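Those letters in the sequence shown? Residues 596 to 780, by the working numbering. We put the CB at the ideal spot given by N, CA and C, even for glycine. For clarity, every value in this text was computed on a predicted model and none was experimentally measured.
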Amino acid sequence: MNPQIWLLALLVPSVVNAISDSFTLELSTKENGLKNLQIMETDEDIFIGQSSDYFQVLNGTIQDDGSLKLGNNSFIGISKNLFTVTNDTTEYAQPFSIDKKGKLNLYGSKKFKAIPSGGTGSARWTLGSAQATSNLKEGVYEVEIKCVNSKGKSANKFSIPGSGASGHLDPISGLIAAGIVIGIL
Numbered sequence: 596m597n598p599q600i601w602l603l604a605l606l607v608p609s610v611v612n613a614i615s616d617s618f619t620l621e622l623s624t625k626e627n628g629l630k631n632l633q634i635m636e637t638d639e640d641i642f643i644g645q646s647s648d649y650f651q652v653l654n655g656t657i658q659d660d661g662s663l664k665l666g667n668n669s670f671i672g673i674s675k676n677l678f679t680v681t682n683d684t685t686e687y688a689q690p691f692s693i694d695k696k697g698k699l700n701l702y703g704s705k706k707f708k709a710i711p712s713g714g715t716g717s718a719r720w721t722l723g724s725a726q727a728t729s730n731l732k733e734g735v736y737e738v739e740i741k742c743v744n745s746k747g748k749s750a751n752k753f754s755i756p757g758s759g760a761s762g763h764l765d766p767i768s769g770l771i772a773a774g775i776v777i778g779i780l
């Protein structure tokens, strides 16, 4: 095979693959009050609660703009640092990434907040960024979110160019590589 074409074949998949593999969002916490609970969604928000037939466990992919697209084709949005479900691009929470341990990150932090939805003693928590605040003095927890692939393992590290370390070719490297290939051809 021609070496120039071989080099080009290596570069193209790196540039094209700008969406993460699909993963399930699982709660990762040491808080006893949140053990065995799931991360789920309603039409309006993302929450932590008991699994039921009415709510779906969250699956998603990180898109090339850093947004997190859910399995139902909506996106995780953010309002007052609390997660929402939206299709309005101006409300997207981003940039999301997955670190080398399979933890979801937002704004470079793997920490998120779980805030009781119905006040202290609630069996449901609204999920938000690490910056989320509450007037409640009890029941607000710091949590992490594990990204799990279809094989039950931690999802692969993923970030968009410009948001930190990435397994993908950033635009500058792509231009340099393309220039080298064109120069060789």
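Restricting to Cα atoms, I'd like to know which of the options is closest to residue i.
| i | options | result |
| --- | --- | --- |
| residue 694 | 685, 688, 687 and 705 | 705 |
| residue 671 | 756, 721, 731 and 745 | 721 |
| residue 737 | 657, 728, 615 and 655 | 728 |
| residue 618 | 665, 703 and 756 | 665 |
| residue 682 | 640, 712, 754 and 713 | 640 |
| residue 731 | 745, 711 and 743 | 711 |
| residue 754 | 691, 713, 684 and 678 | 691 |
| residue 739 | 703, 745 and 756 | 703 |
| residue 552 | 744, 668, 669 and 735 | This structure cannot settle anything about residue 552, because the visible part of the chain is limited to 596 through 780. |
For residue i, I'd like the list of residues in its chain whose CB is within less than 7 Å of its CB, leaving aside the five on either flank, ordered along the chain.
| i | result |
| --- | --- |
| residue 635 | 642, 644, 650, 651, 652 and 653 |
| residue 752 | 693, 694, 695 and 762 |
Roughly how many angstroms separate the alpha carbons of residue i and residue j, rounded to a whole number?
| i | j | result |
| --- | --- | --- |
| residue 687 | residue 662 | 6 Å |
| residue 707 | residue 616 | 22 Å |
| residue 709 | residue 647 | 19 Å |
| residue 632 | residue 626 | 11 Å |
| residue 701 | residue 684 | 16 Å |
So, for residue i: in the same chain, excluding its five sequence neighbours on each side, which residues have a beta-carbon less than 8 Å away from its beta-carbon?
| i | result |
| --- | --- |
| residue 638 | 680 |
| residue 741 | 620, 621, 622, 623, 697, 698, 699 and 749 |
| residue 674 | 686 |
| residue 718 | 644 and 645 |
| residue 656 | 614, 615, 616, 617, 618, 663 and 664 |
Following a CB-centred definition, is residue i positioned closer than 7 Å to any heavy atom of the ligand PLP?
| i | result |
| --- | --- |
| residue 685 | Ligands in the displayed structure: none, and consequently the ligand PLP is not present. |
Reducing DSSP to helix, strand and coil, say where residue i ends up.
| i | result |
| --- | --- |
| residue 637 | coil |
| residue 629 | helix |
| residue 733 | coil |
| residue 624 | coil |
| residue 684 | helix |
| residue 748 | coil |
| residue 728 | coil |
| residue 691 | strand |
| residue 667 | coil |
| residue 614 | coil |
| residue 753 | strand |
| residue 650 | coil |
Grab me the residues of residue i's own chain with a C-beta within less than 6 Å of its C-beta, minus the 5 sequence neighbours each way, in chain order.
| i | result |
| --- | --- |
| residue 613 | 659 |
| residue 676 | 723, 724, 726 and 727 |
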